[in-house]
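Report on the structure given below.
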Amino acid sequence: MSTLENGTRRSPAIHAPGEREITFGQAIREAIAEEMARDESIFLIGEDVAAAGSVFKVLVGLLDDFGPDRVIDSPISEAGIAGIGVGAAITGMRPIVDIMFGDFTTLVMDQLINQAAKTHYMSGGKLKVPMVLRTTLGASRRSAAQHSQSLHALFSHIPGLKVAMPATPYDAKGLMKSAIRDDNPVVVFEDKMLYQEKGPVPEAEYTLPLGQADVKRTGEDITIVATSSMVYVALEAADKLDSIGISAELIDPRTTNPLDTETLVQSAQKTSRALVLDEGYRQYGVTGEIASVIADGAFYYLDAPVKRIGAMNVPVPFSPAMEDLTIPSSDYVVETAKALCG
Amino acid sequence: MSEKKENMPNEPGLDAEHWLQAYEQMVKIRTFEETANELYTSARMPGITHLYIGEEAIAVGICEALRQDDYITSTHRGHGHCLAKGAALDKMFAELLGKEAGYCRGKGGSMHIADQETGNLGANGIVGGSAGIATGAGMSIKLRGTDQVAVCFFGDGALGQGLLYESMNMAQLWKLPVIYVCENNQYGEYTHNSKAAAGSMVGRASGFGVHAQAIDGQDIRTVHATARLLIDRARKGGGPAFLVCNTYRFHGHHVGDIDRPYRTREEEAEWAKRDPLKLLEDWLAKSQHVEADVFQRIQQDVKTAVDEAVDFALDASFPNESEVDRHVYA
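For the protein sequence lines, the chains are A and B, in the order given. Start counting the first sequence at 0; every next residue gets the next number (numbering that gives the first Met the number 0). Start counting the second sequence at 0; every next residue gets the next number (numbering that gives the first Met the number 0).
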């Protein structure tokens, strides 16, 4: 992982002098608070989101600011609160549904995939579902197989849903605000290991469009596409590659649906090599789609096959000795990149 | 609470004219469904459809107690709910035939008709799938501070799905104005509910503290009087209710289910004696002295309107190819 500074890692977003730094968690809370203050139709519902401020303490203070009618502690009923989100969204509200762990999104599949994603289309464009479902991804908290998965590929597969997976506090705030304002169901995946990550976030209001990749680092020899916390793994790898004379460009798609194919393809056309890094299971993961987009769009420019790196195709084990083996490491990224550039 | 039929007092002010309007609505649904069946058997309708024939008193009895700005969610057997809430015959048929003039531009079809202008939040192909949506509409009503009500229609088959229980629990916790209407037509697809639903149906809701009762779903006067009380209660902040309407699906699960080996012809004949249209006709004739030709005239007028609507739908255009990827995102 990248440089440790006062116990937190520094975000790779461009740092303007004098700009304040806040954590990823604070950025999420700021985005929600600003939007709730701006638009009374927004409410937040989930397990332990109000009195406890969520298990990761990301939402502390919102209950005081907006009251129990708009920050609602729900029973442990993931499908039920997702359904409430869909129905409230269709009838004029803009709900934020909080699903504590990404693993629990398996309980809301019908409401998201059969209901939220299809309502606008099935109604011939008459009904809208402006709803955000925020949840987590990411292993390495020693939480074992049901609290550690990165399941964003499941939702990225579905037409009608949008999927955001911010890596930095700056991206988290801008994407969350856009997700809340979007008239479609948007699933926002937050890596629970990033909540303490610090980075520059302007005081002034801003949003980031869904579907616009960010070049986190420019380079000439190889394109590394990385999502969410894998951006930090890629940055560390890029530093190591730099020391051996390989210049890596790092692209963060920021949203997997819609996917900014143009930026991905242009970068690969420039560098002639690409590898794709994501914490979802490698098999049928978003890396497959992204690699395919690059292979299609940059085929005549590529000097090597596009490589994919994902989590091992095993349930996430508990023991640290095993869990760490399942997550892509910067050393593995470096080895893969060297082989591609060899 | 018992599941025996509860005789509700007739509401004051509901005269013969009111009941004739309700009768016309029921005839409209019956005729619509018979025509849909003909469109299927004559291979003029794509796919299949699920007929509401036999259950008309429930949709009409309840929707006649709703305002236009109240919400409903519906089911795969949903034509009756849509029509009772005010949907137009021509756009309904056009949707069934996959035409661009349909309620959903041909993108939804029989199982997914939605019409926000009449408060219809959509019919659903997942049997318990709309329990959350109706409850979310109730949450929205509460947060917006209006006095609307949401009605969630579902069949007894949906009693097997957990979302209903999560939803009713929250509706009661937060006193949401949602009426959960279980149309107990005895069969979930091809399986009798005695093989699918253990214990008491009303007990499922009363366990949450939700007001729950079971009524005769064939008698529109009972359905309507009960609905008025429950809807009024919900509108005034009294919270959700669970209403089991005992009824029968006169046709098979869908239009192609013509042999029905899972049930007897004798059972069907017994239920046919309790045809909701006939029950209302008999009551209007005996108690309100309505003449037979009045019923005939209503039936004829409805038939004319249905025929015109079918002609409109048959003549309407299929969607252009450019429609296929429109409306994936708003």
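Cβ coordinates follow ideal geometry from the N, Cα and C atoms, glycine included.
The alpha helix (DSSP H) enclosing Tyr331/A, as first and last residue numbers: Here the question's residue 331/A lines up with position 332 in the first sequence. Element bounds for Tyr331/A: Ser329 to Cys340.
Name the one or two DSSP bridge partners that Tyr280/A has. As a working mapping, residue 280/A is identified with position 281 in the first sequence. DSSP output for Tyr280/A lists Ala310/A as bridge partner(s).
Separation of Gly108/B from Arg66/B, as counted between CA atoms: One-based indexing of the second sequence puts residue 66/B at position 67. One-based indexing of the second sequence puts residue 108/B at position 109. About 25 Å.
Would you say the stretch 62-78 of chain A touches the stretch 37-52 of chain A, given that touching needs at least three Cβ pairs under 8 Å? yes
Give the residues from the stretch 97-114 of chain B that approach chain A closer than 8 Å (Cβ to any Cβ), ordered along the chain. Gly101, Tyr102, Cys103, Arg104, Gly105, Lys106, Gly107, His111, Ala113 and Asp114
Taking the straight line between their C-alpha atoms, what separation do you get for Ala303/A and Gln115/B? Stepping through the first sequence from its first residue, residue 303/A is reached at position 304. Stepping through the second sequence from its first residue, residue 115/B is reached at position 116. Answer to the nearest angstrom: the Cα atoms are 53 Å apart.
Which runs of the alpha helix (DSSP H) fall wholly inside the stretch 252-295 of chain B and span at least 4 residues, in chain order? 264-271 and 275-286
Is the CB of Ser199/B under 8 Å away from at least one CB in chain A? The residue you call residue 199/B lines up with position 200 of the second sequence. Ser199/B does not count as touching chain A.
Expressed to the nearest angstrom, what Euclidean distance is found between the alpha-carbon atoms of Tyr186/B and Ala213/B? For this step, residue 186/B is matched to residue 187 along the second sequence. For this step, residue 213/B is matched to residue 214 along the second sequence. Looking at the two C-alpha atoms, the distance is approximately 17 Å.
Which partner residues of Leu136/A appear in the DSSP bridge assignment? The sequence position of residue 136/A within the first sequence is 137, counting from 1. Its beta-bridge partners are Asp190/A.
Simplified DSSP state of Asp310/B, which is helix, strand or coil: Here the question's residue 310/B lines up with position 311 in the second sequence. Under the three-state reduction of DSSP output, Asp310/B falls in the helix class.
Which residues in chain A sit within 7 Å of Tyr70/B, going by Cβ to Cβ distance? For this step, residue 70/B is matched to residue 71 along the second sequence. Neighbours of Tyr70/B on chain A, chain order: Thr90.
Separation of Ala58/B from Ala284/B, as counted between CA atoms: Sequence index remark: in the second sequence, residue 284/B carries index 285 (1-based). Sequence index remark: in the second sequence, residue 58/B carries index 59 (1-based). So the alpha carbons of these two residues sit roughly 22 Å apart.
Do the stretch 272-281 of chain A and the stretch 213-231 of chain A touch if we need at least three Cβ pairs shorter than 8 Å? Yes, since at least three Cβ pairs between the stretch 272-281 of chain A and the stretch 213-231 of chain A fall closer than 8 Å, the two stretches touch.
Against Ile125/B, what residues of chain A qualify as contacts under a CB-to-CB distance less than 8 Å, listed in chain order? Counting from one through the second sequence, the residue named residue 125/B turns up at place 126. Here the neighbours are Asp109, Asn113 and Gln114.
To test your reading of the DSSP string, which unbroken alpha helix (DSSP H) runs of 4 or more residues are found completely within the stretch 157-237 of chain B? 162-172, 200-205 and 219-234
Per-residue contacts from Leu126/A into chain B (C-beta, under 8 Å): Locating residue 126/A in the first sequence gives position 127, counting from the first residue. Near Leu126/A (Cβ distances below 8 Å), the residues of chain B are Ala113, Gln115, Leu120 and Gly121.
DSSP puts Ala273/A in a beta bridge; with which residues? As a position in the first sequence, residue 273/A is number 274, starting the count at 1. Paired residues: Thr222/A.
Beta carbon of Gln171/B, beta carbon of Gly238/B: below 8 Å? Locating residue 171/B in the second sequence gives position 172, counting from the first residue. Locating residue 238/B in the second sequence gives position 239, counting from the first residue. Yes, the pair counts as a contact, with Cβ atoms nearer than the cut-off.
Could you work out which residues of chain B lie near Val74/A, taking near to mean beta carbons separated by less than 9 Å? As a working mapping, residue 74/A is identified with position 75 in the first sequence. Contrary to the premise, residue 74/A reads as Pro rather than Val in this sequence. Going along chain B in sequence order, the residues near Pro74/A (Cβ under 9 Å) are Glu165, Asn168, Met169 and Leu172.
Any heavy atom of the ligand SAH within a distance shorter than 7 Å of the CB on Ala267/A? What this structure holds is no ligand at all, so the ligand SAH is not there to describe.
Please compile the residues from chain B whose C-beta is within a distance smaller than 9 Å of the C-beta of Ala50/A. As a position in the first sequence, residue 50/A is number 51, starting the count at 1. Here the premise fails: no neighbours, minimum Cβ distance about 15 Å.
What do you reckon, are the CB atoms on Ala30/A and Met175/A nearer than 8 Å? Position 31 of the first sequence, counting from 1, holds the residue named residue 30/A. Position 176 of the first sequence, counting from 1, holds the residue named residue 175/A. Taking 8 Å as the cut-off, the Cβ atoms of Ala30/A and Met175/A count as close.
Per-residue DSSP class, three states only, for Pro319/A: The sequence position of residue 319/A within the first sequence is 320, counting from 1. The answer is helix: DSSP assigns Pro319/A an H, G or I state.
First and last residue of the beta strand (DSSP E) that includes Ser242/A? Here the question's residue 242/A lines up with position 243 in the first sequence. Where Ser242/A is concerned, there is no enclosing beta strand (DSSP E), although the alpha helix (DSSP H) it sits in stretches over Met229 to Ser242.
Given 8 Å, three or more beta-carbon pairs between the stretch 305-323 of chain B and the stretch 108-117 of chain A: no
Same chain, Cβ closer than 6 Å to Leu62/A, five either side skipped, listed in chain order: Looking up residue 62/A in the first sequence gives position 63. Ala49 and Val70.
Could you work out which residues of chain B lie near Phe42/A, taking near to mean beta carbons separated by less than 7 Å? Here the question's residue 42/A lines up with position 43 in the first sequence. Residues of chain B passing the Cβ test: Leu142.
is_contact[Asp38/A, chain B] using C-beta, thresh 8 Å: The residue labelled residue 38/A in the question sits at position 39 within the first sequence. No, Asp38/A lies away from the interface with chain B (no Cβ there is under 8 Å from its Cβ).
Can you look up Gly154/B in the DSSP assignment and give me helix, strand or coil? Stepping through the second sequence from its first residue, residue 154/B is reached at position 155. If DSSP states are grouped into helix, strand and coil, Gly154/B belongs with the strands.
Cβ of Ile132/B within 8 Å of any chain A Cβ: Position 133 of the second sequence, counted from the first residue, corresponds to residue 132/B. True, the Cβ-Cβ gap to chain A drops below 8 Å.
Cys62/B to Ala86/B span [Cα, whole Å]: The count along the second sequence starts at 1 and reaches residue 62/B at position 63. The count along the second sequence starts at 1 and reaches residue 86/B at position 87. Computed Cα separation, rounded: 12 Å.
Taking contact to mean 3 or more Cβ pairs, one atom from each stretch, closer than 8 Å, check whether the stretch 285-298 of chain A and the stretch 310-327 of chain A are in contact. no
Label Ser166/B either buried or exposed according to how many other C-beta atoms from any shown protein chain fall within 10 Å of its C-beta, with 16 as the threshold for buried. What you label residue 166/B is simply residue 167 of the second sequence in a count that begins at 1. Burial check for Ser166/B: the Cβ neighbour count within 10 Å reaches 16 or more, so the residue is buried.
Between Ala32/A and chain B, is the shortest Cβ-Cβ distance under 8 Å, so that the two count as touching? Position 33 of the first sequence, counted from the first residue, corresponds to residue 32/A. False, the Cβ-Cβ gap to chain B never drops below 8 Å.
Straight-line Cα distance separating Tyr70/B from Gly210/A: Within the first sequence, residue 210/A is the residue found at index 211, counting from 1. Within the second sequence, residue 70/B is the residue found at index 71, counting from 1. A straight-line Cα-Cα distance of about 34 Å links Gly210/A and Tyr70/B.
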